[in-house]
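A.B. asks: Here the protein sequences line up with chains A and B, keeping their order. The first sequence stops at residue 261 when you use the UniProt record's numbering, and every number in between is there. The second sequence stops at residue 334 when you use the UniProt record's numbering, and every number in between is there. The beta-carbon is built from N, C-alpha and C at its ideal position, and this holds for glycine as well.
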Amino acid sequence: MFYVSVFFQYMAQYMKTKLQYRADLFVEWLSDFMAQAVNLVFLLVVFGHTTLLHGWSRDEILFIYGFFLVPYAVFGAFFNLWDFNERYIVQGEMDRVLTRPLNSLFQIVLERMELESLLGAVPGLIIMLYAGSRLSLSFHWYDVFVFILLVIGGVLIYAGIFISLATISFFADARTSIMPMMYNISSYGRYPIDIYHRVIRYILTWVLPFAFVGVYPASYFLDKEEWYGYVFFTPVVGAVCFAVSVMLWNAGVRRYRGTGS
Amino acid sequence: MNAIEVERLRKEFKVHASRSGLVGAFRDLWTRRYTIVRAVDDISFAVKQGEIVGYIGENGAGKSTTIKMLTGILTPTSGRIVVNGMNPHKEREKFVRTIGVVFGQRSQLWWDIAVQESFRLLKKVYRVSDEQYRRHMGEVIEMLEIGPLLDKPVRKLSLGQRMRCELAAALIHNPPLLFLDEPTIGLDVLVKLNIRQFLKQLNERYGTTILLTTHDMSDIEALCERVIMLDEGKIIYDGSLERLKERWGQGKRVAFTFAEAVTAAFLRQLTEGLNVVWKKGEQPNVWVAHVPPGGVPEVVSRVAARCALNDIHIHEVPTEEIIRNIYEEGAVHG
Chain A
1 MFYVSVFFQY
11 MAQYMKTKLQ
21 YRADLFVEWL
31 SDFMAQAVNL
41 VFLLVVFGHT
51 TLLHGWSRDE
61 ILFIYGFFLV
71 PYAVFGAFFN
81 LWDFNERYIV
91 QGEMDRVLTR
101 PLNSLFQIVL
111 ERMELESLLG
121 AVPGLIIMLY
131 AGSRLSLSFH
141 WYDVFVFILL
151 VIGGVLIYAG
161 IFISLATISF
171 FADARTSIMP
181 MMYNISSYGR
191 YPIDIYHRVI
201 RYILTWVLPF
211 AFVGVYPASY
221 FLDKEEWYGY
231 VFFTPVVGAV
241 CFAVSVMLWN
251 AGVRRYRGTG
261 S
Chain B
1 MNAIEVERLR
11 KEFKVHASRS
21 GLVGAFRDLW
31 TRRYTIVRAV
41 DDISFAVKQG
51 EIVGYIGENG
61 AGKSTTIKML
71 TGILTPTSGR
81 IVVNGMNPHK
91 EREKFVRTIG
101 VVFGQRSQLW
111 WDIAVQESFR
121 LLKKVYRVSD
131 EQYRRHMGEV
141 IEMLEIGPLL
151 DKPVRKLSLG
161 QRMRCELAAA
171 LIHNPPLLFL
181 DEPTIGLDVL
191 VKLNIRQFLK
201 QLNERYGTTI
211 LLTTHDMSDI
221 EALCERVIML
231 DEGKIIYDGS
241 LERLKERWGQ
251 GKRVAFTFAE
261 AVTAAFLRQL
271 TEGLNVVWKK
281 GEQPNVWVAH
291 VPPGGVPEVV
301 SRVAARCALN
311 DIHIHEVPTE
321 EIIRNIYEEG
331 AVHG
């Protein structure tokens, strides 16, 4: 409960800061929106030529992409860990974090929050509505809750993987280029998984479960019954991923406190 | 009761020793050589509640490492630490609520938001009630004279203003123990005075125990009755500043400005048996006598009886010089 109220306090503070720079905020929104639009146009162009990809129609692929954008946006808003090494280890901000009476990971999430990333979910929802209506998908009232559950699962998977990567900073003194590479790999999850080779499919499911952020959960709404097992596995994979990453994080902090920066 | 108890505290770091040259770099890829550096070497001390202790030493002497262990950031390699009755590296979250920390080189405050908004966040994080906040922070804000700064964003503050706000931020939860790492670094004299005065008041009014590291000896002289001096990870002196000065102050410096030129030999002969060392001053006809304790009246009367003088200055050996002497000679005995 305490953590929830701290969270909202930080959020309020964040919004106040952002509102101070009105022009800046506006430009940011605009550029975010443009980036999303370009992405969308690119996708339409690419899939305009291929009407069918390994048994997936253009609209189905679009739908998956649209779905993927939602957990991705939520992840981007709360888990900005890509410069963790630079900011917290090299510059020593971690010391300050450790002198405050809050969980260290939670503090970093709060400090690095970027709520405007949530806007990225809007094009996602639009794409889903557009593709969904063309596919004339059936929709039930409880699908809203399923959707939320699957999004949370996806966010936890993303968070888990990137938190685990950030923990590398605690163990290795050199900077690694794994982060950008992982961003690239993560984008594979937003395309139908069976277009890939068996090995890649396996990796994206069980090693770096990015498929659970895009294809698998989206196939629930696309009525692809052969994937249903994976669909409901999404929150489980998310929970496991996140739990493992928190354990790694704690081990990392222990190590940091042993060695210093 | 003791606020800090440290026994045989040790911290070792593994440092990667890189070989030179390209070949060396390749060999480093396979087998790494490590050397173990002992940053803090079996130190023991205790700080009573309400004390202000200066923790001094050269760069790399182990000051920051000790502070980091005392604040729970680092876990010691061996030894025992009890701070505020707790072990700092266990129950971290509970422990840090009982201490305040200011790292002079690092900011506690959020850069973009107004100072009071930062305070509000910290108040929430430290679970301070509104009533408690109003009562205690009202006083702190008044003492530090930062009332007018509260609605300005931190990035618009000068260093001195920011530092005062940092201090206030570290005291939001009214901790009984305050760690200050270089609190006056880079500040001008007026701000330094203000901060020192504040720390004194804080110590008197709330009985706050303060442990501070500094390079500025005037900080120590103004605030600390006790100093702990560290060199290469070992404590080389722990005791009152007064005693340090007595033992190492080596009496007084007396600067004579003579009306006409004198020779060193003449002066030495004049003060024979008084154990005085004469050194030529920077100005013409100025000679400085390094006089052992108690010898000043005799030296002055002997010189004044034989020479025409324009001026006499008597001053104590500055603390900085004492400290420098100690470092040059190594450990303090006794």
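(1) Alpha carbon to alpha carbon, what distance is there between Leu121 (chain B) and Met217 (chain B)?
(2) Would you mind reading off the limits of the alpha helix (DSSP H) that contains Ser164 (chain A)?
(3) Taking a Cβ distance cut-off of 9 angstroms, strictly less, list which residues of the segment 40-62 of chain A are near chain B, in chain order.
(4) Rounded to a whole number of angstroms, what is the C-alpha to C-alpha distance between Ser31 (chain A) and Gln201 (chain B)?
(5) Could you give the C-beta distance for Gly207 (chain B) and Gly50 (chain B), rounded to a whole number, given that I count them as a contact under 8 angstroms?
(6) Could you check what DSSP says for Ala255 (chain B) in three-state terms: helix, strand or coil?
(7) Figure out for me which residue from A:Gly252, A:Phe221, A:Val38 has the closest Cα to the Cα of Ile148 (chain A).
(8) Does the Cβ-Cβ distance between Ala170 (chain B) and Gly100 (chain B) come in under 9 angstroms?
(9) Give a yes or no on whether the C-beta atoms belonging to Ile36 (chain B) and Lys14 (chain B) are separated by under 9 angstroms.
(10) Run down chain B in chain order and give the residues with a C-beta less than 9 angstroms from the C-beta of Val4 (chain A).
(11) Keeping to the same chain, check which residues put their C-beta closer than 8 angstroms to that of Phe233 (chain A); ignore five residues upstream and five downstream.
(12) Using 9 angstroms as the threshold, is the C-beta distance between Trp110 (chain B) and Val82 (chain B) below it?
(13) Using a cut-off of 7 angstroms between C-beta atoms, extract the partners of Arg97 (chain B) located in chain A.
(14) Any idea what DSSP makes of Gly289 (chain B), helix, strand or coil?
(15) Note down, in chain order, every chain B residue with its Cβ under 7 angstroms from the Cβ of Thr17 (chain A).
(16) Taking 9 angstroms as the CB-CB limit, is Tyr10 (chain A) close to chain B?
(17) Since Met86 (chain B) sits in a beta bridge, which residues does DSSP pair it with?
(18) Quick one, are the C-beta atoms of Glu182 (chain B) and Gly57 (chain B) less than 9 angstroms apart?
(19) For the segment 72-99 of chain B, enumerate the residues whose C-beta is nearer than 9 angstroms to any C-beta of chain A, in chain order.
(20) How close, in whole Å, do the beta carbons of Leu81 (chain A) and Phe162 (chain A) come, if the pair is a contact with beta carbons under 8 angstroms?
(21) Going along chain A in order, which residues have a C-beta closer than 7 angstroms to the C-beta of Tyr34 (chain B)?
(22) Once you ignore the five residues that flank Ala259 (chain B) on each side, which residues in its own chain have a CB closer than 7 angstroms to its CB?
(23) Taking DSSP as the reference, what is the three-state secondary structure of Ala3 (chain B)?
(24) Would you tell me roughly how many angstroms separate the C-alpha atoms of Arg112 (chain A) and Pro318 (chain B), rounded to the nearest one?
(25) With Phe103 (chain B) as the anchor, note down where its beta strand (DSSP E) starts and where it stops.
(26) Between the C-alpha atoms of Arg97 (chain B) and Thr71 (chain B), what's the straight-line distance to the nearest angstrom?
(27) Hey, how far is the Cα of Tyr126 (chain B) from the Cα of Leu52 (chain A)?
(28) Measuring CB to CB, does Tyr131 (chain A) end up less than 9 angstroms from Leu69 (chain A)?
C.D. replies: So, from the data block:
(1) By one-based count along the second sequence, residue 217 (chain B) stands at place 217. By one-based count along the second sequence, residue 121 (chain B) stands at place 121. One C-alpha to the other measures close to 35 angstroms.
(2) Residue 164 (chain A) sits at position 164 when you count from the first residue of the first sequence. 143-171 is the extent of the alpha helix (DSSP H) around Ser164 (chain A).
(3) none
(4) For the purposes of this step, residue 31 (chain A) is identified with residue 31 of the first sequence, where counting begins at 1. For the purposes of this step, residue 201 (chain B) is identified with residue 201 of the second sequence, where counting begins at 1. C-alpha separation (whole angstroms): 52 angstroms.
(5) Along the second sequence, read from residue 1 onward, the residue named residue 207 (chain B) stands at position 207. Along the second sequence, read from residue 1 onward, the residue named residue 50 (chain B) stands at position 50. Between Gly50 (chain B) and Gly207 (chain B) the Cβ distance is about 5 angstroms, and since that is below 8 angstroms, they are a contact.
(6) Counting from one through the second sequence, the residue named residue 255 (chain B) turns up at place 255. Strand, per DSSP.
(7) For this step, residue 148 (chain A) is matched to residue 148 along the first sequence. Of the listed residues, the one whose Cα sits closest to Ile148 (chain A) is A:Phe221.
(8) Here residue 170 (chain B) corresponds to residue number 170 of the second sequence, with the count starting at 1. Here residue 100 (chain B) corresponds to residue number 100 of the second sequence, with the count starting at 1. Yes, these two residues count as a Cβ contact at 9 angstroms.
(9) Position 36 of the second sequence, counted from the first residue, corresponds to residue 36 (chain B). Position 14 of the second sequence, counted from the first residue, corresponds to residue 14 (chain B). Cβ atoms of Ile36 (chain B) and Lys14 (chain B): closer than 9 angstroms.
(10) Position 4 of the first sequence, counted from the first residue, corresponds to residue 4 (chain A). Simply none; closest approach about 12 angstroms.
(11) What you label residue 233 (chain A) is simply residue 233 of the first sequence in a count that begins at 1. Around Phe233 (chain A): Phe212, Tyr216.
(12) Taking the second sequence and counting its residues from 1, one reaches residue 110 (chain B) at position 110. Taking the second sequence and counting its residues from 1, one reaches residue 82 (chain B) at position 82. Not closer than 9 angstroms, so no.
(13) In the second sequence, counting from the first residue as 1, residue 97 (chain B) sits at position 97. Ordered by position in chain A, the residues that pass the 7 angstroms Cβ test against Arg97 (chain B) are Pro101.
(14) Counting from 1 along the second sequence, the entry for residue 289 (chain B) is found at position 289. Per the sequence presented here, residue 289 (chain B) reads as Ala, with Gly not at that position. Ala289 (chain B): strand per DSSP, three-state reduction.
(15) For this step, residue 17 (chain A) is matched to residue 17 along the first sequence. Result: Asp112, Ile113.
(16) Locating residue 10 (chain A) in the first sequence gives position 10, where the first residue counts as 1. Tyr10 (chain A) counts as touching chain B.
(17) Position 86 of the second sequence, counting from 1, holds the residue named residue 86 (chain B). In DSSP, Met86 (chain B) forms a bridge with B:Val83.
(18) Translated into positions along the second sequence, residue 182 (chain B) becomes position 182. Translated into positions along the second sequence, residue 57 (chain B) becomes position 57. Not a contact, by the Cβ cut-off of 9 angstroms.
(19) Gly72, Ile73, Leu74, Thr75, Thr77, His89, Arg92, Glu93, Lys94, Phe95, Val96, Arg97, Ile99
(20) Along the first sequence, one-based indexing puts residue 81 (chain A) at 81. Along the first sequence, one-based indexing puts residue 162 (chain A) at 162. Confirmed, about 5 angstroms.
(21) What you label residue 34 (chain B) is simply residue 34 of the second sequence in a count that begins at 1. The premise fails here: Tyr34 (chain B) is roughly 12 angstroms from chain A at the closest Cβ pair, so nothing lies under 7 angstroms.
(22) On the second sequence, position 259 is the one that residue 259 (chain B) refers to. Once the five neighbours on either side are set aside, the close Cβ partners of Ala259 (chain B) are Ala308, Leu309, Asn310.
(23) Residue numbering aside, residue 3 (chain B) sits at position 3 when the second sequence is read from its first letter. In the structure shown, Ala3 (chain B) sits in a strand (DSSP, three-state: E or B).
(24) Taking the first residue of the first sequence as 1, we reach residue 112 (chain A) at position 112. Taking the first residue of the second sequence as 1, we reach residue 318 (chain B) at position 318. Going from the Cα of Arg112 (chain A) to the Cα of Pro318 (chain B) covers about 48 angstroms.
(25) Working through the second sequence from its first residue, we reach residue 103 (chain B) at position 103. Residues 99-103.
(26) The residue labelled residue 97 (chain B) in the question sits at position 97 within the second sequence. The residue labelled residue 71 (chain B) in the question sits at position 71 within the second sequence. Roughly 11 angstroms separates the two Cα atoms.
(27) To locate residue 126 (chain B), count along the second sequence from 1; it is residue 126. To locate residue 52 (chain A), count along the first sequence from 1; it is residue 52. Approximately 58 angstroms between the Cα atoms of the pair.
(28) The residue you call residue 131 (chain A) lines up with position 131 of the first sequence. The residue you call residue 69 (chain A) lines up with position 69 of the first sequence. Here the sequence assigns Ala to residue 131 (chain A), which means Tyr is not the residue at that position. For Ala131 (chain A) and Leu69 (chain A), no; Cβs fall outside 9 angstroms.
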